[in-house]
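The sequence shown: position 34 = 33 (numbering that gives the first Met the number 0), numbered continuously. Note that the Cβ used here is the ideal one computed from N, Cα and C, for glycine as well. Remember, predicted model here, so these are calculated numbers, not experimental data.
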Amino acid sequence: MRMQNMLKSRSGFALTAALSLSFGLALPVTVPAADDIAEIVVTSRRIEERLQDVPLAISAFDESTIESAGIADLRDIANLTPGQQFYNALGEALPTPFIRGVAPTDIRAKENNVAVFVDGVYVSGREGLNF
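Below, the structure is given as structure tokens:
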């Protein structure tokens, strides 16, 4: 009697496993087209490389992400970027960017230790970060 129960349970398990595998194999495989992924070219090492090939931590946002997140200034981007913060040293007038602990050593210094580029143009001082 015990042997019959064990055989029934094994055959039931085998049938369930076979049916599960057959349904899993019937699902279509969808591969995103190459056109769906935007190619970003980075020239940080003075050669053109794809973003996926660069050994740096880079956060890139497209227009739809910026609109859906309600990003209005660089402080909002810091909320979406790991390791980035903005500290208001002298109130809202002078936002100071910090990336992974890298910050200005002298709060009165005109230049930041963190470079900010907007549309490919370097923003030289903290005053320029208020936009």
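Alpha-carbon spacing of Gln84 relative to Arg45, whole angstroms: Taking the first residue of the sequence shown as 1, we reach residue 84 at position 85. Taking the first residue of the sequence shown as 1, we reach residue 45 at position 46. About 28 angstroms.
Endpoints, beta strand (DSSP E) assigned at Thr42: Against the sequence shown, residue 42 aligns to sequence position 43. Per DSSP, Thr42 belongs to no beta strand (DSSP E) and is neither H nor E.
Ala68 beta carbon less than 8 angstroms from that of Ile39: As a first step, residue 39 is located in the sequence shown; it is residue number 40 there, counting from the start. As a first step, residue 68 is located in the sequence shown; it is residue number 69 there, counting from the start. No, Cβ-Cβ distance for Ile39 and Ala68 is not below 8 angstroms.
Inter-residue CB distance, Asn111 and Thr95 (contact presumed, cutoff 8 angstroms): For this step, residue 111 is matched to residue 112 along the sequence shown. For this step, residue 95 is matched to residue 96 along the sequence shown. Between Asn111 and Thr95 a beta carbon distance of about 7 angstroms is seen, short of the 8 angstroms cut, so the two are scored as contacting.
Nonlocal neighbours in the same chain, by C-beta distance under 7 angstroms from Ser43, ignoring five residues either side: What you label residue 43 is simply residue 44 of the sequence shown in a count that begins at 1. The beta carbon of Ser43 sits closer than 7 angstroms to the beta carbons of Val53, Leu55 from its chain, once the five residues preceding and following it are set aside; these are given in chain order.
Bounding residues of the beta strand (DSSP E) (the contiguous stretch that carries Ser123): To locate residue 123, count along the sequence shown from 1; it is residue 124. Here the beta strand (DSSP E) through Ser123 covers 120-124.
Coil, strand or helix - Thr80 by DSSP: Counting from 1 along the sequence shown, the entry for residue 80 is found at position 81. Coil.
Anticipated Cβ contact below 8 angstroms, Ile98 with Val113, distance rounded: On the sequence shown, position 99 is the one that residue 98 refers to. On the sequence shown, position 114 is the one that residue 113 refers to. Right, their Cβ atoms sit about 5 angstroms apart.
Anticipated Cβ contact below 8 angstroms, Val41 with Ile57, distance rounded: Residue mapping note: residue 41 aligns to position 42 of the sequence shown, counting from 1. Residue mapping note: residue 57 aligns to position 58 of the sequence shown, counting from 1. 7 angstroms between Cβ atoms; contact.
Proximity winner among Gly119, Ala102, Asp61, relative to Gly82 (alpha-carbon distances): As a working mapping, residue 82 is identified with position 83 in the sequence shown. Out of Gly119, Ala102, Asp61, Ala102 has the C-alpha closest to the C-alpha of Gly82.
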